[in-house]
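A.B. asks: There's a structure below that I have some questions on.
Number of protein chains: 2
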Amino acid sequence: MDNVSSNSSSPRAGRPRSERTRHAILDAATDLALEGGRVPTIDAVASRAGVSRTTIYKWWPSSAAVLAEGLLDRFHESIEFDDALPVREALTLQVDALVTLLRDTPAGQLVRQLLAAAASDRALGLAMLERWLEPRRATAAHHLERGVQQGGVRADVDTTLVVDALFAPVYHRLVWGHAPLDDNLARQVCDLVWPAVAAPTTAPTAAS
Amino acid sequence: MDNVSSNSSSPRAGRPRSERTRHAILDAATDLALEGGRVPTIDAVASRAGVSRTTIYKWWPSSAAVLAEGLLDRFHESIEFDDALPVREALTLQVDALVTLLRDTPAGQLVRQLLAAAASDRALGLAMLERWLEPRRATAAHHLERGVQQGGVRADVDTTLVVDALFAPVYHRLVWGHAPLDDNLARQVCDLVWPAVAAPTTAPTAAS
């Protein structure tokens, strides 16, 4: 549950205090969003955090950008899984954690609203990518690479494509709403992808 | 290239004229959107189509809803494929047509903007589902069912899940922008999904 601060390795004068302020702003934006189910205004975030608008704009271009970062910090534990788990199980649990997060908490509608806002706000889109999607993709890619090293996953696996195949159906159902985020979705998606991902276990009849 | 009108089987007094008006409105919204790269206003659509706002609101709740329907009609040919094609090839071509449409025409950014607007407009979301996504899903499901009948696709295929797996990565890349809509994407996605979809061709060693 340790939050990983990207600034923790660059001590500077005043850092502890500004770090406290940053976290107060992130917490305020996230709490307001989870309570209200929508992206809060800058004024509401400033008021809740006890800072000025200027302080917020020093670090972020919009309240949506604050929220994108705050949501990641808040739900960071949902992308941390033990390397002791078999790769397929670790990936299934990761997809299932996303399903549960998007279905059972306000994070689902917040992510949907942030994605919608990102369609006309390039900086927010980049923040969402950097703070929300890429860390989750990196965790999944880590497990796939672990599988390659351990021999259970094909050495020529297309990591970008497989990570898309694992997570895209979850976001697709969130955004379009054509089918529910079922309890079984994560396992079904992993079962569907796995035959193409697993290293061949039979005798090598057709090498290359 | 025939547009299929869902009303063509219910003749009523005045239908031909109102049909012409409907099509003029759909064409106006679609032309304006493709020229401008964004959802047009109701006033712009009314002006281009030579009708009143009231006439448009008689049939649609918003210009976005008009556009959702107009875009489907305009790009309807991208979901029509010959049943003479092998199932896997028909599905690959369908995904590839979507990749090309979303990448190489303004339809991509329009779909992204309509999806964004749908996050806070339930009627639009339903129109997008009904007019854009479901007809494409139905075509893909048709090919999968054809494959079951012909024996190339597993009889227990989860059609909803497989259709998600085929199309979700395309929309995922459109919405998040984390990876490009490559020329190879459609084939890669189909190759990834196919081992889990194909009916077993080996001797039945473990039935059921």
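From first to last, the protein sequence lines stand for chains A and B.
For the first sequence, numbering that gives the first Met the number 0 assigns the number 0 to the initial residue and increments by one for each residue that follows.
For the second sequence, numbering that gives the first Met the number 0 assigns the number 0 to the initial residue and increments by one for each residue that follows.
A virtual CB, placed ideally from N, CA and C, is assigned to each residue, including glycine.
Just so you know, these numbers come straight off a predicted model, no measurement behind them.
(1) In terms of residue numbering, what span does the alpha helix (DSSP H) encompassing T53 of chain A cover?
(2) If we count the other Cβ atoms within 10 Å of its Cβ and call it buried at 16 or more, is T200 of chain A buried or exposed?
(3) Leaving out the 5 sequence neighbours to the left and right, which residues in its chain are closer than 7 Å to V162 of chain A when beta-carbon positions are compared?
(4) For V152 of chain B, which three-state DSSP category applies?
(5) Does S4 of chain A pass the burial test, meaning 16 or more other C-beta atoms within 10 Å, or should it be called exposed?
(6) Please determine if the segment 150-157 of chain B and the segment 165-172 of chain A are in contact, where contact requires at least 3 C-beta pairs separated by less than 8 Å.
(7) So is A205 of chain A in contact with chain B if we call contact Cβ pairs under 7 Å?
(8) Measuring CA to CA, which of B:V38, B:D72, B:D82 and B:R16 is closest to V50 of chain B?
(9) Under the three-state reduction of DSSP, which class applies to A115 of chain A: helix, strand or coil?
(10) Measure the alpha-carbon distance for A28 of chain A versus L125 of chain A and round it to whole angstroms.
(11) DSSP on A197 of chain A, reduced to helix/strand/coil?
(12) Between R145 of chain B and L71 of chain B, is the Cβ-Cβ spacing less than 7 Å?
(13) So for H75 of chain A, helix, strand or coil by DSSP?
(14) In angstroms, rounded to a whole number, what distance separates the CA positions of L109 of chain B and G36 of chain B?
(15) Ordered along the chain, which non-local residues of its own chain (more than five positions away) have a Cβ less than 7 Å from that of T104 of chain A?
(16) Would you mind sorting R19 of chain B into buried or exposed? The rule is 16 or more other CB atoms within 10 Å of its CB.
(17) With three or more beta-carbon pairs closer than 8 Å as the criterion, would you say the segment 84-91 of chain A touches the segment 50-62 of chain A?
(18) Closer than 8 Å, Cβ to any Cβ of chain B: which residues of the segment 150-165 of chain A, in chain order?
(19) Among B:I24, B:P179 and B:A164, which residue has its Cα nearest to the Cα of G69 of chain B?
(20) Quick one, which residues of the segment 31-63 of chain A are near chain B if we go by CB-CB under 8 Å, in chain order?
(21) Rounding to the nearest angstrom, what Cα-Cα distance links L123 of chain B and A116 of chain A in this structure?
(22) With 7 Å set as the bound, which would you pick, yes or no: does the beta-carbon of L132 of chain A sit closer than that to a beta-carbon of chain B?
(23) Can you list, in chain order, the residues of its chain whose CB lies under 6 Å from that of V98 of chain B, leaving out five sequence neighbours each side?
(24) So is R135 of chain B in contact with chain A if we call contact Cβ pairs under 7 Å?
(25) Leaving aside the five residues before and after W193 of chain A along the sequence, list all residues of the same chain whose C-beta is less than 7 Å from its C-beta, in chain order.
(26) F166 of chain B to D182 of chain A, Cα distance in whole Å?
(27) Exposed or buried, which one is R121 of chain A when buried takes at least 16 other CB atoms within 10 Å?
(28) With DSSP collapsed to three states, give me the class of S46 of chain B.
(29) Leaving out five residues before and five after R111 of chain B in sequence, what residues of the same chain have Cβ atoms less than 8 Å from its Cβ?
(30) Following the continuous alpha helix (DSSP H) through H171 of chain A, name the residue where it begins and the one where it ends.
(31) Which bits of chain A does P168 of chain B rub up against, with CB to CB less than 7 Å?
(32) If you check the beta carbons only, do L33 of chain A and A43 of chain A fall under 7 Å apart?
(33) Within this structure, are the beta carbons of F74 of chain A and L100 of chain A separated by less than 7 Å?
(34) Taking a contact to mean a Cβ-Cβ separation below 7 Å, would you say A225 of chain A touches L113 of chain A in this structure?
(35) For A178 of chain B, which residues of its own chain have a beta-carbon under 7 Å away from its beta-carbon, when the five flanking residues on both sides are left out?
(36) Mind checking the segment 177-190 of chain B against chain A and listing, in chain order, the residues whose C-beta falls within less than 9 Å of any C-beta there?
C.D. replies: Reading it off the structure:
(1) Locating residue 53 of chain A in the first sequence gives position 54, where the first residue counts as 1. Note, T53 of chain A: alpha helix (DSSP H), R52 to W58.
(2) For the purposes of this step, residue 200 of chain A is taken as the residue at position 201 of the first sequence. Flag for T200 of chain A reads exposed.
(3) What you label residue 162 of chain A is simply residue 163 of the first sequence in a count that begins at 1. The answer, listed in chain order, is R136, A139 and A140.
(4) Within the second sequence, residue 152 of chain B is the residue found at index 153, counting from 1. In this structure, V152 of chain B counts as strand in the three-state DSSP scheme.
(5) Here the question's residue 4 of chain A lines up with position 5 in the first sequence. Because S4 of chain A carries a pLDDT of 41, less than 50, the predicted location of this residue cannot be relied on, and the following value inherits that uncertainty. Classification of S4 of chain A: exposed, given that the 10 Å Cβ count is below 16.
(6) no
(7) Counting from 1 along the first sequence, the entry for residue 205 of chain A is found at position 206. Confidence in A205 of chain A is poor, its pLDDT being 49 and thus under 50, which makes the residue's placement unreliable; the coordinate value appears in the next sentence. Taking Cβ atoms only, chain B never reaches closer than 7 Å to A205 of chain A, which makes this a no.
(8) One-based indexing of the second sequence puts residue 50 of chain B at position 51. Per the Cα distances, B:R16.
(9) Along the first sequence, read from residue 1 onward, the residue named residue 115 of chain A stands at position 116. The answer is helix: DSSP assigns A115 of chain A an H, G or I state.
(10) Position 29 of the first sequence, counted from the start, is the residue given in the question as residue 28 of chain A. Position 126 of the first sequence, counted from the start, is the residue given in the question as residue 125 of chain A. When rounded, the distance between both Cα atoms is 18 Å.
(11) Residue 197 of chain A sits at position 198 when you count from the first residue of the first sequence. Three-state result, A197 of chain A: strand.
(12) As a working note, residue 145 of chain B is residue 146 in the second sequence. As a working note, residue 71 of chain B is residue 72 in the second sequence. Cβ atoms of R145 of chain B and L71 of chain B: not closer than 7 Å.
(13) In the first sequence, the residue the question calls residue 75 of chain A occupies position 76. Looking at H75 of chain A - three-state DSSP - the assignment turns out to be helix.
(14) Position 110 of the second sequence holds residue 109 of chain B. Position 37 of the second sequence holds residue 36 of chain B. Roughly 6 Å separates the two Cα atoms.
(15) On the first sequence, residue 104 of chain A is found 105 positions in, with the first residue counted as 1. Closer than 7 Å at Cβ, skipping near neighbours: no residue.
(16) Here residue 19 of chain B refers to the residue found at position 20 of the second sequence. Flag for R19 of chain B reads exposed.
(17) no
(18) D157, T159, L160, V161, D163 and A164
(19) For this step, residue 69 of chain B is matched to residue 70 along the second sequence. Looking at the Cα atoms, B:I24 is the closest of the given residues.
(20) none
(21) Counting from 1 along the second sequence, the entry for residue 123 of chain B is found at position 124. Counting from 1 along the first sequence, the entry for residue 116 of chain A is found at position 117. Between L123 of chain B and A116 of chain A, the C-alpha separation is close to 16 Å.
(22) Here residue 132 of chain A refers to the residue found at position 133 of the first sequence. Yes, L132 of chain A counts as interfacial toward chain B.
(23) In the second sequence, residue 98 of chain B corresponds to position 99, counting from 1. Cβ within range, chain order: V169, L180, L184 and A185.
(24) For the purposes of this step, residue 135 of chain B is taken as residue 136 along the second sequence, with counting starting at 1. No, no contact with chain A.
(25) Residue 193 of chain A sits at position 194 when you count from the first residue of the first sequence. So the list reads R87, once near-sequence residues are dropped.
(26) Taking the second sequence and counting its residues from 1, one reaches residue 166 of chain B at position 167. Taking the first sequence and counting its residues from 1, one reaches residue 182 of chain A at position 183. Between F166 of chain B and D182 of chain A, the C-alpha separation is close to 21 Å.
(27) Counting from 1 along the first sequence, the entry for residue 121 of chain A is found at position 122. With fewer than 16 other Cβ atoms within 10 Å, it is exposed.
(28) Position 47 of the second sequence holds residue 46 of chain B. S46 of chain B falls in the helix class under three-state DSSP.
(29) For the purposes of this step, residue 111 of chain B is taken as the residue at position 112 of the second sequence. Closer than 8 Å at the Cβ level, and outside the excluded window around R111 of chain B, lie L173 and V174.
(30) Locating residue 171 of chain A in the first sequence gives position 172, counting from the first residue. Run containing H171 of chain A: T158 to W175, per the alpha helix (DSSP H) assignment.
(31) What you label residue 168 of chain B is simply residue 169 of the second sequence in a count that begins at 1. Residues of chain A passing the Cβ test: D163, A164 and A167.
(32) Against the first sequence, residue 33 of chain A aligns to sequence position 34. Against the first sequence, residue 43 of chain A aligns to sequence position 44. No, the pair does not count as a contact, with Cβ atoms beyond the cut-off.
(33) For this step, residue 74 of chain A is matched to residue 75 along the first sequence. For this step, residue 100 of chain A is matched to residue 101 along the first sequence. Yes; because the gap between Cβ atoms is below 7 Å, this pair is in contact.
(34) Outside the shown range of chain A, which is 0 to 207, sits residue 225 of chain A, and nothing can be said about it.
(35) Counting from one through the second sequence, the residue named residue 178 of chain B turns up at place 179. If we look at A178 of chain B and ignore the five residues flanking it on each side, its Cβ neighbours are R172.
(36) H177, A178, L184, Q187, V188 and D190
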